[in-house]
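Q:
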Amino acid sequence: MAQFYFRQTTVTQGFNAPLSLFELHQQIREELEMAFPESYWVVAEISQVTPDRRKGHCYLNLIDKGDDPRGAIQAQARATIWSSRFQMLGRYFEEKTGQPLKAGLKILFQAQVRFHELYGLSLDIVNIDANYTIGDLARQRQETLKRLEAEGLLTANKELEMPLVPQRLAIVSSASAAGYQDFIHQLEHNSYGYTFDTRLFPATVQGNEAPASIVKAMDLIARYSHLFDAIVIIRGGGSQTDLGCFDDYKVAAAIGNAPLPVITGIGHERDESISDLVAHTRQKTPTAVANYLLEKALAFESEVEGLFDSIYMFAAQQLRLSADKLERQSLKISNLTNAYLQENREQLEHFSKSLLLRPKNFLHNLKLLLSDKEQLIRANTKDLLHLRGKELSELSVCVEGMGQRWLHMKEQDLNKLVHCIETEAKDKHKRSQLSFVKCSDRLQYSAQKKLSTDSHKLELLEMRIQANDPEKLLLRGYTLTLLNGRIIKHMGQVKEGDVIETRLQDGRVHSLVVNKDENE
111 MAQFYFRQTT VTQGFNAPLS LFELHQQIRE ELEMAFPESY WVVAEISQVT PDRRKGHCYL
171 NLIDKGDDPR GAIQAQARAT IWSSRFQMLG RYFEEKTGQP LKAGLKILFQ AQVRFHELYG
231 LSLDIVNIDA NYTIGDLARQ RQETLKRLEA EGLLTANKEL EMPLVPQRLA IVSSASAAGY
291 QDFIHQLEHN SYGYTFDTRL FPATVQGNEA PASIVKAMDL IARYSHLFDA IVIIRGGGSQ
351 TDLGCFDDYK VAAAIGNAPL PVITGIGHER DESISDLVAH TRQKTPTAVA NYLLEKALAF
411 ESEVEGLFDS IYMFAAQQLR LSADKLERQS LKISNLTNAY LQENREQLEH FSKSLLLRPK
471 NFLHNLKLLL SDKEQLIRAN TKDLLHLRGK ELSELSVCVE GMGQRWLHMK EQDLNKLVHC
531 IETEAKDKHK RSQLSFVKCS DRLQYSAQKK LSTDSHKLEL LEMRIQANDP EKLLLRGYTL
591 TLLNGRIIKH MGQVKEGDVI ETRLQDGRVH SLVVNKDENE
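The structure is reproduced here in structure tokens:
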């Protein structure tokens, strides 16, 4: 435990002046140098790295969250790695851990305590233990894998069924990445003539912004998952530093939650990244992913061709068996038919002989029967005709008497009707002569009144027509719009491209209809 010893300064009024801020900071600096004369090993998390590319220095912000589950910062400090050491320490740290110094890493470093009158307290880092960071990264990796396993995401994507021939591909990569170009070239120029429907969802695949960019692309693919068979995440070769984003929990979780099988071709030879472990299928490079897709298509084609050959051979075998069976059945049917025809031919001959004898006997019997029936009908017909003639004579006498009586009655009724009509006609003629004079006066009065009313209406109509004369309307500031000499009354008469004429008081204007805005 370091102890601080400050000089006690007593301010006596009138004898000692107060310290300036600079003098106070000088005393603090001197006391700190005395209290912390050596260097110390410290564990802290990097919150920010700012390299000075012009001078070669590296400035860091360090924090300590302790064991607080909420992640609250308990301490923070500024640190500096001067250019003379930064070139060596930075290269050493990246070679050992596979990553540069960046925010989020925990480091074990040796530092000297420094206090500057102008810049305040800082730490000068003189050494870094990369093995501590390697262990911490391994711990973070294991924690990420355990979290994914607890959430059921470590094997979720592997449980999805990969289509036999994935041809509709959603690709997550950078458009300018060489790996993406190699992948597309390999698919489009394959020697088998297979075609693939690819769509790029651009994303940053290295750096601090990469995890968020990849997750955003995966979320967008999930919205249109029905349009694709599989997701391909590819990146060209690079250092372990460039590929660190594929160990990020958010990227791995996005792959685990993906609705489609994910194929990775991240392009590295080191141990599998967490994204590789979570994905459905892992290939080493983008070209290897393309070859994998082509091999699946080729395997499917070979399987289909094999099935076709098997079906062809089976069909040919079945046709041969069916032909043999058909030939046997045909021969059997032919024999049965011949036997049946022979049997029925004999029966037909016997039946035809019997038919030759039966019609003669049958016809003779019919002649005898017809002769008896004819004699019976003739006798019955004579009696019936005599009886009907007698009844008809009696009926005609009755009808003649009734007809004469009915005609006499109708003649009397007709005479009465003629007398009534003549009497009524004389009376009506007298009445009509009297009413005709009255009707004539009323008609003359009504006609004069009707003529006066219609004349007044015509005068009003003529005044209205004159008031609506187009020439007078033009003088009052109105305009007339015509199409082919006809006045336009509604929008349906005009279409785009028509040339319309507008008449004004002092001339005409021709216009081209560009668009129409109709009132709703």
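So for the sequence shown, the working numbering puts the first residue at 111; every next one is plus one. Glycine included, C-beta positions come from ideal geometry on N, C-alpha and C.
1) If contacts are defined as beta-carbon pairs under 8 Å, then L215 and I156 qualify, I think. What distance do you get, rounded to the angstrom?
2) How about the stretch 397–405 and the stretch 297–307: do they share at least three Cβ pairs that are nearer than 8 Å?
3) R613 by DSSP, collapsed to three states: which one?
4) What do you get for L172, buried or exposed, if any count of 16 or more other CB atoms within 10 angstroms of its CB means buried?
5) Identify every residue that forms a DSSP beta bridge with W151.
6) So, with DSSP's three-state summary, where would you put P312?
7) Going by DSSP, which residues form a beta bridge with L622?
8) Assuming S283 is part of the beta strand (DSSP E), what are its boundary residues?
9) Would you kindly work out how many angstroms separate the C-alpha atoms of F356 and L264, rounded to a whole number?
10) Tell me the residue span of the beta strand (DSSP E) that contains R188.
11) For H226, write down the residues that DSSP places opposite it in a beta bridge.
12) What whole-angstrom Cβ distance do P396 and G289 have, given they're in contact under 8 Å?
13) Alpha carbon to alpha carbon, what distance is there between T591 and Q615?
14) For the beta strand (DSSP E) containing I341, name the first residue and the last one.
15) Tell me the DSSP secondary structure of P161 in three-state form.
16) Can you grab the Cα-Cα spacing for the pair V623 / V609, in whole Å?
17) Suppose you measure from the CA of S440 to the CA of D434; what does that come to, to the nearest Å?
18) On a Cα-Cα basis, can you pick out the residue from K268, Y150 and E532 that is closest to L370?
19) Alpha carbons only, please: which of E204, E521, D358 and N448 is nearest the one belonging to T254?
20) How is Q60 classed by DSSP in three states: helix, strand or coil?
21) Among residues of its own chain, excluding the 5 on either side of L247, which ones have a beta-carbon nearer than 6 Å to its beta-carbon?
22) Please name the residue or residues paired with Q252 in a DSSP beta bridge.
23) Tell me whether I341 is buried or exposed, calling it buried when 16 or more other Cβ atoms sit within 10 Å of its Cβ.
24) For H460, does the count of other Cβ atoms within 10 angstroms reach 16, so buried, or fall short, so exposed?
25) Is there contact here, the stretch 276–284 with the stretch 385–394, by at least three beta-carbon pairs under 8 Å?
26) In terms of DSSP beta bridges, what is R180 paired with?
27) What separation, rounded to the nearest whole angstrom, lies between the Cα atoms of I238 and E204?
28) Buried or exposed: G377, going by 16 or more other Cβ atoms within 10 Å of its Cβ?
29) How many angstroms separate the CA atom of Q186 from the CA atom of V223?
30) Check each candidate in L211, H496 and G262 and name the one with the smallest Cα separation from A240.
31) Measure the CB-CB distance between A641 and M328 and report whether it falls below 8 Å.
32) State the CB to CB distance for the pair V153 and L218, rounded to an integer number of angstroms; the pair is presumed to be in contact (CB under 8 Å).
33) Start and end of the beta strand (DSSP E) containing L593?
34) Out of A189, Y242 and A368, which has the shortest C-alpha to C-alpha gap to G262?
35) Tell me the DSSP secondary structure of T243 in three-state form.
A: In brief:
1) On the sequence shown, position 105 is the one that residue 215 refers to. On the sequence shown, position 46 is the one that residue 156 refers to. Right, the Cβ-Cβ distance comes to about 5 Å (below 8 Å), so this counts as a contact.
2) Taking a cut-off of 8 Å on C-beta distances, the stretch 397–405 touches the stretch 297–307, as three or more cross pairs fall below it.
3) To locate residue 613, count along the sequence shown from 1; it is residue 503. Three-state result, R613: strand.
4) Taking the sequence shown and counting its residues from 1, the one referred to as residue 172 is at position 62. By the 10 Å Cβ count, L172 comes out buried.
5) For the purposes of this step, residue 151 is taken as the residue at position 41 of the sequence shown. DSSP output for W151 lists Q220 as bridge partner(s).
6) As a first step, residue 312 is located in the sequence shown; it is residue number 202 there, counting from the start. Strand at P312.
7) Here the question's residue 622 lines up with position 512 in the sequence shown. Answer is V609, bridged to L622.
8) Mapped onto the sequence shown, residue 283 falls at position 173. Residues R278 to S283.
9) On the sequence shown, position 246 is the one that residue 356 refers to. On the sequence shown, position 154 is the one that residue 264 refers to. Taking the Cα positions, F356 is about 14 Å away from L264.
10) In the sequence shown, the residue the question calls residue 188 occupies position 78. Going by DSSP, R188 is part of the beta strand (DSSP E) stretching over A185 to I191.
11) To locate residue 226, count along the sequence shown from 1; it is residue 116. H226 pairs with G230.
12) Looking up residue 396 in the sequence shown gives position 286. Looking up residue 289 in the sequence shown gives position 179. 4 Å between Cβ atoms; contact.
13) Mapped onto the sequence shown, residue 615 falls at position 505. Mapped onto the sequence shown, residue 591 falls at position 481. The alpha-carbon atoms of Q615 and T591 are separated by roughly 13 Å.
14) Locating residue 341 in the sequence shown gives position 231, counting from the first residue. Counting along the chain, the beta strand (DSSP E) containing I341 begins and ends at A340 to I344.
15) For the purposes of this step, residue 161 is taken as residue 51 along the sequence shown, with counting starting at 1. DSSP places P161 in strand when its eight states are reduced to three.
16) On the sequence shown, residue 623 is found 513 positions in, with the first residue counted as 1. On the sequence shown, residue 609 is found 499 positions in, with the first residue counted as 1. Here the alpha carbons of V609 and V623 stand approximately 6 Å from one another.
17) Here residue 440 is taken as the residue at index 330 of the sequence shown, counted from 1. Here residue 434 is taken as the residue at index 324 of the sequence shown, counted from 1. Between S440 and D434, the C-alpha separation is close to 10 Å.
18) Indexing the sequence shown from 1 puts residue 370 at position 260. Put simply, of K268, Y150 and E532 the residue whose alpha carbon is nearest the alpha carbon of L370 is K268.
19) Along the sequence shown, read from residue 1 onward, the residue named residue 254 stands at position 144. Here the closest residue by C-alpha is D358.
20) The question about residue 60 has no answer, for the chain in this structure spans 111 to 630.
21) As a first step, residue 247 must be located in the sequence shown, where it is residue number 137. Nothing meets the Cβ criterion.
22) The residue given as residue 252 occupies position 142 in the sequence shown. Answer is none; Q252 lacks a bridge partner.
23) As a working mapping, residue 341 is identified with position 231 in the sequence shown. Counting the other CB atoms within 10 Å of its CB gives I341 a total of 16 or more, which places it among the buried residues.
24) The residue you call residue 460 lines up with position 350 of the sequence shown. H460 comes out exposed.
25) No, the stretch 276–284 is not in contact with the stretch 385–394.
26) As a first step, residue 180 is located in the sequence shown; it is residue number 70 there, counting from the start. BP columns for R180 are empty, so no partner.
27) Sequence index remark: in the sequence shown, residue 238 carries index 128 (1-based). Sequence index remark: in the sequence shown, residue 204 carries index 94 (1-based). If I take the Cα positions, the gap works out to 11 Å.
28) Indexing the sequence shown from 1 puts residue 377 at position 267. Looking at its Cβ environment, which holds 16 or more other Cβ atoms inside 10 Å, G377 is buried.
29) The residue given as residue 186 occupies position 76 in the sequence shown. The residue given as residue 223 occupies position 113 in the sequence shown. Rounded to whole angstroms, Q186 to V223 spans 14 Å at the Cα level.
30) One-based indexing of the sequence shown puts residue 240 at position 130. The shortest Cα separation from A240 among L211, H496 and G262 belongs to L211.
31) What the structure shows of the chain is the stretch from 111 to 630, and residue 641 is not part of that stretch, so it cannot be assessed.
32) For the purposes of this step, residue 153 is taken as residue 43 along the sequence shown, with counting starting at 1. For the purposes of this step, residue 218 is taken as residue 108 along the sequence shown, with counting starting at 1. Indeed they touch by this definition, with Cβ atoms about 5 Å apart.
33) If you number the sequence shown from 1, residue 593 lands on position 483. L593 -> beta strand (DSSP E) spans L590 to L593.
34) Looking up residue 262 in the sequence shown gives position 152. Nearest neighbour of G262 by Cα position, chosen from A189, Y242 and A368, turns out to be A368.
35) Mapped onto the sequence shown, residue 243 falls at position 133. DSSP places T243 in helix when its eight states are reduced to three.
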